[in-house]
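Engineer: All residue numbers in the sequence shown are consecutive under full-length UniProt numbering, ending with 249. We put the beta carbon where it would ideally sit given N, CA and C, even for glycine. Computed from a predicted structure; not experimentally measured.
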Amino acid sequence: MPETPYVPGVQGVGTVDGRTVWFPTGAGMAPGDGSMAARAVARREDLVFLPDVDPVVMAALGLSAVAAHMALTWRGELVAGETVVVLGCGAVGQAAIQLARLVGAGRVVAAARSVQARDRAVRAGADVVVALEDVAEAAQGADLLLDPLFGPPAAAAAGALRPGGRWVNLGGSAGETCPITSSTLRSRSLRLSGYTNNELTVQQRADAIAVVARHAAEGALTVDHEVVPLDGVTDAWHRNSRGRVVLIT
Numbered sequence: 001m002p003e004t005p006y007v008p009g010v011q012g013v014g015t016v017d018g019r020t021v022w023f024p025t026g027a028g029m030a031p032g033d034g035s036m037a038a039r040a041v042a043r044r045e046d047l048v049f050l051p052d053v054d055p056v057v058m059a060a061l062g063l064s065a066v067a068a069h070m071a072l073t074w075r076g077e078l079v080a081g082e083t084v085v086v087l088g089c090g091a092v093g094q095a096a097i098q099l100a101r102l103v104g105a106g107r108v109v110a111a112a113r114s115v116q117a118r119d120r121a122v123r124a125g126a127d128v129v130v131a132l133e134d135v136a137e138a139a140q141g142a143d144l145l146l147d148p149l150f151g152p153p154a155a156a157a158a159g160a161l162r163p164g165g166r167w168v169n170l171g172g173s174a175g176e177t178c179p180i181t182s183s184t185l186r187s188r189s190l191r192l193s194g195y196t197n198n199e200l201t202v203q204q205r206a207d208a209i210a211v212v213a214r215h216a217a218e219g220a221l222t223v224d225h226e227v228v229p230l231d232g233v234t235d236a237w238h239r240n241s242r243g244r245v246v247l248i249t
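#1: Residues bridged to E169 by DSSP?
#2: So is L230 buried or exposed if we call it buried at 16+ other beta carbons inside 10 Å?
#3: Please identify the residue among V245, Y195, R239, G125 whose C-alpha is closest to the C-alpha of W74.
#4: Between the C-alpha atoms of V135 and A110, what's the straight-line distance to the nearest angstrom?
#5: Alpha carbon to alpha carbon, how far is T181 from V86?
#6: What span of residues does the beta strand (DSSP E) with G12 cover, start to end?
#7: When you compare the CB positions of A96 and A68, do they come within less than 9 Å of one another, or not?
#8: Judging by CA-CA distance, which residue of I248, T234, V228, D224 is the nearest neighbour of L61?
#9: Could you please give the first and the last residue of the uninterrupted beta strand (DSSP E) stretch that includes E226?
#10: Could you give the DSSP three-state label for E63: helix, strand or coil?
#11: Please name the residue, chosen from Q11, A217, E77, A80, that lies closest to L47 on a Cα-to-Cα basis.
#12: Determine, using beta carbons only, whether L72 and A100 come nearer to each other than 9 Å.
#13: Would you report the Cα separation of V108 and A158, rounded to the nearest angstrom?
#14: If you follow the beta strand (DSSP E) that W22 is in, where does it begin and where does it stop?
#15: Which class does R205 belong to by DSSP, given the choice of helix, strand or coil?
#16: Using only the alpha-carbon positions, how far apart do V41 and V53 sit?
#17: The beta strand (DSSP E) spanning I248 covers which residue range?
#18: Please state whether DSSP places residue 250 in a helix, a strand or coil.
#19: May I ask you to report which of helix, strand or coil DSSP gives A139?
#20: Between which two residues does the alpha helix (DSSP H) containing R120 stretch?
#21: Helix or strand or just coil, what does DSSP make of V92?
#22: For the candidate residues V228, R118, P153, L146, whose alpha-carbon lies nearest to that of V92?
#23: List the endpoints of the continuous alpha helix (DSSP H) containing V233.
#24: If you draw a straight line from the alpha carbon of V202 to that of V227, how long is it in whole angstroms?
#25: Within the continuous alpha helix (DSSP H) that includes R186, where are the two ends?
#26: DSSP three-state label for A71, please.
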């Protein structure tokens with residue numbers, strides 16, 4: 001299975017004038033613009049001032065939770081009482097399960113490949129947790145598919161959606177192509193949408209961060225993460241952890 005590139009340092013949580021802020025960075029693509037440092041440069045207009053929230057939890061959630069929230073609500077148009085299927089249970093999947101529940105989903109189905117990922121889905125509060133190969137049966141009649149995987153798992157889940165169901169794709173970690181047929185899309189009148197954080201306006205991103213921060217401050221939203229001191233960044237980099245790593249100073 002192809003792996004997506006691991007790009008750390010694209011966001012940070014710090015303090016400005018004694019207040020806690022979230023800020024995006026360019027992932028170190030230009031000199032001095034990364035966040036793996038005791039001090040980082042950010043544009044004031046990009047700062048999002050946060051409530052009284054654990055900065056480590058907020059850093060762990062960050063843009064992954066933004067993607068989950070916006071894919072569910074803005075792209076996916078989730079309505080209270082609907083059934084949501086979440087593929088995978090990395091940071092996006094964990095956040096999506098919890099956020100779907102907070103929006104009012106009637107039922108949340110999670111499907112993941114590994115036992116560890118399925119355990120995370122259980123802890124995140126999914127009603128039904130299955131292996132990826134069993135997703136078609138578990139997803140029968142669902143309203144919305146949140147899909148960071150694409151590939152065969154997405155095809156199986158999408159084919160089980162109700163007529164008129166919505167499918168929002170956020171990534172391709174299970175494959176860059178998906179073996180779904182035109183007849184499936186047409187006969188079930190499925191609606192397929194792509195999502196990327198890159199299309200958000202500064203205001204949309206700030207509003208989404210505010211929602212994520214509020215839920216995190218209330219203790220209703222978190223993701224598994226590893227805390228690493230800044231002077232341990234070399235070891236963390238070489239381990240190339242597939243989990244969420246939060247560097248602290």
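Structural biologist: On the basis of the coordinates in this document:
#1: Looking at the sequence itself, residue 169 is Asn, so the reference to Glu does not match. Paired residues: D147, G194.
#2: exposed
#3: Y195
#4: 8 Å
#5: 21 Å
#6: 11-16
#7: yes
#8: D224
#9: 225-229
#10: Position check: residue 63 holds Leu in this sequence, whereas Glu was assumed. Helix.
#11: Q11
#12: yes
#13: 15 Å
#14: 19-24
#15: helix
#16: 22 Å
#17: 244-248
#18: Residue coverage of the chain in this structure runs from 1 to 249, which leaves residue 250 outside it and unanswerable.
#19: coil
#20: 115-124
#21: helix
#22: L146
#23: 233-239
#24: 28 Å
#25: 182-187
#26: helix
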